[in-house]
Each structure stands twice: as structure tokens, then as C-alpha cells.
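Chemist: Mind looking over this structure? Questions follow.
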Amino acid sequence: MVARVQLTEADRAVMDRIMEHGWGLDLDYWTIARIALARSLQLPSAPSPQAYPIMPSQERGVSLHPAQLIGESRSGDEDFSDVYRAMLSVYEGISLFGDDAAFHMVLQRHVRRGLATLSAEWMPDTNFDAYLLRELFPEPALDQDSDRAVDLGSQLSRLLTELGADARLVQTDEGPRITRFTYQLTQLDDFARVKRGEDKISFGLGLGEGAASVSGAAGERQIWIDIARTSSKWRNVEWADIKPCLSSAEAVAMSLAICLGTDVLGKPLLIDLVEAPHLFLGGTTGSGKSMTLHSILLSLLSAKKLPRLLLIDPKSVEFNGYKSLKNLEGGAILSSPADALKALNELIEEMDRRQKIFADLGVRDLEEAQEAGSDLTRIVVVIDELGDLFMQSDEIEIPLIRLAQKARSAGIHLVLATQRPEAATFPGMLRSSVPSRIALTVQKASESRIILDEGGAESLLGRGDMLVKLTGRQPIRGHGARIQPSDIAG
């Protein structure tokens, strides 16, 4: 008897959601499973056996015959099993020819990972066909097309002349999503002329509104003009691409290094949470807010001295992959407002307790206490969907404000996220106590001002495009990494 590929009740729910909200059709489950298998095979590493263990048949799960998935045992050119055995043998680094049981186990892991990836990447309120075209059939990248960059530079130089600016192109750089042109200006007043002409530059190049961004460069009388490319020409940044930066000298010198992704030229974008010392991030559906949260958490889990994590997720969705962490505060991910309020108030008590310890040791903060021999560790509170939490309990605001104002020296840090950046979800007193912000794509300039105290985030490109504004600094633009379920499981 040929072994079947067993999928869980949760896997079935993903397939049901795709059929209902993605296509509006009642299809056979193997149709979605084939797509999931294809998506998993695009990922750079094999699925973890720990993250996707072999599952027995479940009453409300799905049982698929390999013939439905890959045509196994069918006649003629309908049987693709040898093709999949060859691909998966290379992928897994073992031979799957002659070992049906191992082959079917690997096949099951890939289908399950593919379904988890589809669930994480596709938003039910967005076009599923467009998602499949983008992920399964990406166009060849044109990032290194020098002819295109030269042509664009020539057009830009002509447009700057039309704006009345005397500028000379000195350098062209390609990043994951933008092409950056560095210009040398003759007159200081030319910067204002070019800045006012951002929309005219976009229009003159035949690009959409907000495609051109002008900013001051590091060199004397130099400016940067960043031109956004179409999404089909983006270069995706994976977690595996940026994770090594957490071992760099720059990261090691930080107290609690976080890699958010890359800057516009593809260099790792590192920040120190201790210097922040708290973060607020906001962005609409599809902006990449969740991926940014995962980058923050994965960075924290890469620290040499792991911080304790208090994770609060009112929707009980985003943090499920972290529920078995040993450094999870309280041993569980919190979802109810009552549990969240209790935990935050307990953190205030912990903050006060630590301050007394510091006084006894004659030190000012956690870092000095650790140097004096204390075994206290940092604590990071990560809250997803702060707006939902406030809607359910307005009492949450009080302990958050107190922690934001006084917890830094005690080694307690806040990371607060919301899809709805508005005054109700980021009130004034809390806002003034959380000066470091990350804005992903928002719908309106007013939402950008809630996050950054200035506009700009309404013109971002989505899918991880962000503006990072740290305490006392100007915003810098970056691109978030694409986090796969296997990154979290690993």
C-alpha cells in the first residue's frame, strides 16, 4: 500500500481559506497542495523535521495519495515521481530513490511548509492570482542592467537642467529596490529646486507618484536621487542573507543588536535596541509589519545573552512559532487583555525591584549592575496589534507609559506594533516616551505623522519598505527581510 501524505487540521484551514477568499472556488485539496509543494521548492533550504514533523492521520485533516500530488504510479508521462525524487534528493542531500517511506515523508514536509509559507505571505484581502504570479513566476531581475541605469541617468540629468539646477552625475548605485544617483551641485540653492521638483522628476521619467526621492548626501554639495524600480525588478532580501551581520564587529559592539533588513543599497540595517530604547512600528496590511516584527525577534534570539521575552498577541496568530521558547516570560504567549495587563503591572514591580538592587550595588543601570556581578538579564516586551489591545482595555496604556518612561535603566524595553497608526492607538504621552519609530507603508500622510512626526511613509513601496527614525536622528530608508516559517522554526 502506498503511503499517503497526511496534512493537519491547520493545513486544511489554510487550503479552505485560499479556496474561499483567494479563488472563490470549491477545489480538490490536492490542487492547493501542488501549489504549496511548488512554493516550498523555491525556498533556499530544506524544511526542518522539527518544525514539520511527520503527522498521523487526523480526523479533520486531509489525506492525499501521491498519485494526486505528483502522478505516482500513473501510466506514461503522467508520472512525475522520478522528477520529484531527483529534485528532493538534491534538496535534502540524500538519495530518495528506492526508499519510498523516506520520499513520502520528505514530500509531506514540503507540502506542509509550502502551506505555512502561503499562509504567511498571502493576505486574504489581496489578489491571490497576483501573489502566485509574483512568487511562482518572478521576472528575471534587471538590477545590474547598466544600460538601463545609464539611460535613466541621462534622463535625470536633462530633467534637473529643466528644473534650473546645475548638477553633475558622479555615481550610480543599485540597491535591492532602488537605483541611487549621486549628483554634485554647483549652487546651494539648487538643492531646494530639486527637492521641490520630486513629483516633476517622477512625472518626467514616466513613473508613478513618489517614485523619485531627493535627499542630501554625505559629500559637500551632493544630493541623492533614489528612483524606485517596479516590484518585478526587486531583489528579495532573505533572513539568511542578513543574519550573518549579527556576528559582525558593529553588531558585537552593540548591547542588543537588531537587524531590520538592509539599507537602500543592500547593506545590513543594524540598530541597538538598548540605545533606542523602545520602538514603535506601524504599517497597513501588506506593508511588511509582521515580517519586521519577526526580524526583531529573530535578532533578539541570536543574542549571545538571550533577553527574556514577553510576547503579547491579541489575535493569537503572529507569535505562535515562538511558543516553545525557553526564555519566554511566563512560559506562554499572552492574548487576553487581562493577562497582558497583569504581566505589564508585574514588570513595573520588577522594574522597581531592580532599581532597589541598583541602589544597593551603587550602580545606575543594568549594564553597570552586570559589570558588578549581577545576573539580571534584559527583558523585551513585544506587542503586536497594540490598537486591538487598547480597544479591549484602555487600562493597558497606564503601565505602558510608566515602563516607557522609566524602564530603560532597568533593562526593560518595549516594541509596540499596530496596523492602525492613529492617536487612539499611539496616544500623546506614550508617543513622547517612545522616540524611536519604524514606519512601513501607510495609507495617509496623517498616519505617517503619527509614527514619524512627519510625512513620507504614505509613499513607500510596501512589502517591507520602511523609514527608520531613531532618537535624535533623521529618518533613513530600508527594506525588510522576507522571513520564512523555517527561519522561525530554525
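Okay, so the sequence shown: first residue is 341 according to our numbering, each after it adds one. Cβ atoms here follow ideal geometry from the backbone N, Cα and C, with glycine treated the same way.
(1) So what does Arg520 bridge to, in DSSP terms?
(2) Residues in its own chain within less than 7 Å of Ala680 by CB, not counting five upstream and five downstream?
(3) Only counting runs of 4 or more residues, tell me where the alpha helix (DSSP H) segments fall wholly within the stretch 427-496, in order along the chain.
(4) Which term fits Trp564, buried or exposed, when burial requires 16 or more other beta carbons within 10 angstroms of its beta carbon?
(5) In terms of residues, what are the limits of the beta strand (DSSP E) holding Val721?
(6) Considering Ser380, what are the terminal residues of the beta strand (DSSP E) in which it resides?
(7) Rounded to whole angstroms, what is the Cα-Cα separation between Gly600 and Ala580?
(8) Identify every residue that forms a DSSP beta bridge with Ile611.
(9) For Gln759, is the classification buried or exposed, using 16 other Cβ atoms within 10 angstroms of its Cβ as the cut-off for buried?
(10) Give the straight-line distance between the Cα atoms of Leu637 and Gln562, rounded to the nearest whole angstrom.
(11) I need the boundaries of the beta strand (DSSP E) containing His753, first residue and last residue.
(12) Contact between the stretch 376-396 and the stretch 446-464: three or more CB pairs below 8 Å?
(13) Specify, as a first and last residue, the run of the beta strand (DSSP E) that Ser403 falls within.
(14) Grab the span of the beta strand (DSSP E) containing Asp419 for me, first residue to last.
(15) So, helix, strand or coil for Ile816, using DSSP?
(16) Would Ser772 pass as a contact of Lys809 if the rule is Cβ separation under 8 Å?
(17) Between the stretch 746-754 and the stretch 611-627, are three or more C-beta pairs nearer than 8 Å?
(18) Kindly indicate which three-state DSSP category Leu778 falls into: helix, strand or coil?
(19) Gly548 and Ser555: beta carbons closer than 8 Å?
(20) CA-CA distance, Gly628 and Gly546?
(21) Could you please give me the residues that DSSP links to Ile652 through a beta bridge?
(22) CB-CB under 6 Å to Leu428, same chain, minus the five flanking residues each way: which ones, in chain order?
(23) Should Met463 be labelled buried (16 or more other beta-carbon atoms within 10 Å of its own) or exposed?
(24) Out of curiosity, what's the CA-to-CA distance linking Glu690 and Trp363?
(25) Do you know whose CA, among Arg693, Arg357, Tyr431 and Leu633, lies nearest Phe468's CA?
(26) According to the Cβ coordinates, are Glu669 and Arg648 closer than 8 Å?
(27) For Arg742, which of Met731, Leu770 and Leu726 has the nearest alpha-carbon?
(28) Per DSSP, what are the beta-bridge partners of Gly622 in this structure?
(29) CA-CA distance, Ala294 and Ser415?
(30) Rounded to the nearest angstrom, how far is the Cβ of Ile518 from that of Thr632, given a contact under 8 Å?
(31) For Ile791, count the other beta carbons within 10 Å of its own beta carbon; 16 or more makes it buried, fewer makes it exposed. Which is it?
(32) Give the straight-line distance between the Cα atoms of Gln831 and Val577, rounded to the nearest whole angstrom.
(33) Using DSSP bridges, identify the partner residues of Gln346.
(34) Taking Cβ positions, are Leu687 and Val720 nearer each other than 8 Å?
(35) Whole angstroms are fine: how far does the CA of Ser553 sit from the CA of Lys666?
(36) I think Thr781 touches Ala797, with their Cβ atoms under 8 Å apart; what is that distance to the nearest whole Å?
Modeler: According to the data block:
(1) By one-based count along the sequence shown, residue 520 stands at place 180. Paired residues: Asp513 and Asp566.
(2) Start at 1 with the first residue of the sequence shown, and residue 680 comes out as number 340. Cβ within range, chain order: Ile652, Leu674, Leu729 and Ile736.
(3) Complete alpha helix (DSSP H) runs here, min 4: 440-461 and 468-476.
(4) On the sequence shown, position 224 is the one that residue 564 refers to. Classification for Trp564: buried.
(5) Position 381 of the sequence shown, counted from the start, is the residue given in the question as residue 721. It spans Ile719 to Ile723 - the beta strand (DSSP E) in which Val721 sits, taken as one unbroken run.
(6) Your numbering for residue 380 matches position 40 in the sequence shown. Unbroken run through Ser380 is the alpha helix (DSSP H), Tyr369 to Ser380; no beta strand (DSSP E).
(7) Within the sequence shown, the letter at position 260 stands for residue 600. Within the sequence shown, the letter at position 240 stands for residue 580. Note on identity: in this sequence residue 600 is Leu, with Gly being the wrong assignment. For the pair Leu600 and Ala580, the Cα-to-Cα distance works out to about 13 Å.
(8) Counting from 1 along the sequence shown, the entry for residue 611 is found at position 271. Beta-bridge pairing links Ile611 to Ile598.
(9) Reading the sequence shown from its first residue, position 419 is the one you call residue 759. Taking a 10 Å sphere around the C-beta of Gln759, we find 16 or more other C-beta atoms and assign the residue as buried.
(10) If you number the sequence shown from 1, residue 637 lands on position 297. If you number the sequence shown from 1, residue 562 lands on position 222. Roughly 37 Å separates the two Cα atoms.
(11) Looking up residue 753 in the sequence shown gives position 413. From DSSP, the beta strand (DSSP E) with His753 extends over Ile752 to Thr758.
(12) yes
(13) Stepping through the sequence shown from its first residue, residue 403 is reached at position 63. Start and end: Val402 to Leu404.
(14) Position 79 of the sequence shown holds residue 419. Note, Asp419: premise wrong, no beta strand (DSSP E); not H, not E.
(15) The residue you call residue 816 lines up with position 476 of the sequence shown. If DSSP states are grouped into helix, strand and coil, Ile816 belongs with the strands.
(16) By one-based count along the sequence shown, residue 772 stands at place 432. By one-based count along the sequence shown, residue 809 stands at place 469. No, they are not a contact pair.
(17) yes
(18) In the sequence shown, residue 778 corresponds to position 438, counting from 1. One point to set straight first is that residue 778 is Ile, not Leu, in the sequence displayed. Note: Ile778 maps to strand in three-state DSSP.
(19) On the sequence shown, position 208 is the one that residue 548 refers to. On the sequence shown, position 215 is the one that residue 555 refers to. The answer is no: Cβ separation not under 8 Å.
(20) Your numbering for residue 628 matches position 288 in the sequence shown. Your numbering for residue 546 matches position 206 in the sequence shown. Gly628 and Gly546: Cα-Cα distance of roughly 27 Å.
(21) Residue numbering aside, residue 652 sits at position 312 when the sequence shown is read from its first letter. DSSP output for Ile652 lists Leu674 and Ile723 as bridge partner(s).
(22) Against the sequence shown, residue 428 aligns to sequence position 88. Excluding residues within five positions, the ones whose Cβ falls inside 6 Å are Leu436 and Val446.
(23) As a working note, residue 463 is residue 123 in the sequence shown. Exposed, by the Cβ-count rule.
(24) Working through the sequence shown from its first residue, we reach residue 690 at position 350. Working through the sequence shown from its first residue, we reach residue 363 at position 23. The C-alpha of Glu690 lies about 50 Å from the C-alpha of Trp363.
(25) Position 128 of the sequence shown, counting from 1, holds the residue named residue 468. The residue with the shortest Cα to Cα distance from Phe468 is Arg357.
(26) Residue 669 sits at position 329 when you count from the first residue of the sequence shown. Residue 648 sits at position 308 when you count from the first residue of the sequence shown. Against a cut-off of 8 Å, the Cβ pair of Arg648 and Glu669 comes out as a contact.
(27) To locate residue 742, count along the sequence shown from 1; it is residue 402. Cα-wise, what sits closest to Arg742 is Leu770.
(28) To locate residue 622, count along the sequence shown from 1; it is residue 282. According to DSSP, which records beta bridges pairwise, Gly622 is partnered with Thr758 and Ala779.
(29) There is no way to answer for residue 294, as the model of the chain reaches only from 341 to 830.
(30) Position 178 of the sequence shown holds residue 518. Position 292 of the sequence shown holds residue 632. Contact flag wrong, Cβ pair sits at about 18 Å.
(31) Stepping through the sequence shown from its first residue, residue 791 is reached at position 451. Per the 10 Å Cβ criterion, buried.
(32) In the structure as shown, the chain begins at 341 and stops at 830. Residue 831 is therefore absent and cannot be evaluated.
(33) In the sequence shown, residue 346 corresponds to position 6, counting from 1. Ser403.
(34) By 1-based counting over the sequence shown, the position of residue 687 is 347. By 1-based counting over the sequence shown, the position of residue 720 is 380. Result no, Cβ atoms of Leu687 and Val720 do not sit closer than 8 Å.
(35) The residue you call residue 666 lines up with position 326 of the sequence shown. The residue you call residue 553 lines up with position 213 of the sequence shown. For Lys666 and Ser553, the distance between alpha carbons rounds to 44 Å.
(36) In the sequence shown, counting from the first residue as 1, residue 781 sits at position 441. In the sequence shown, counting from the first residue as 1, residue 797 sits at position 457. About 6 Å; that satisfies the 8 Å criterion.
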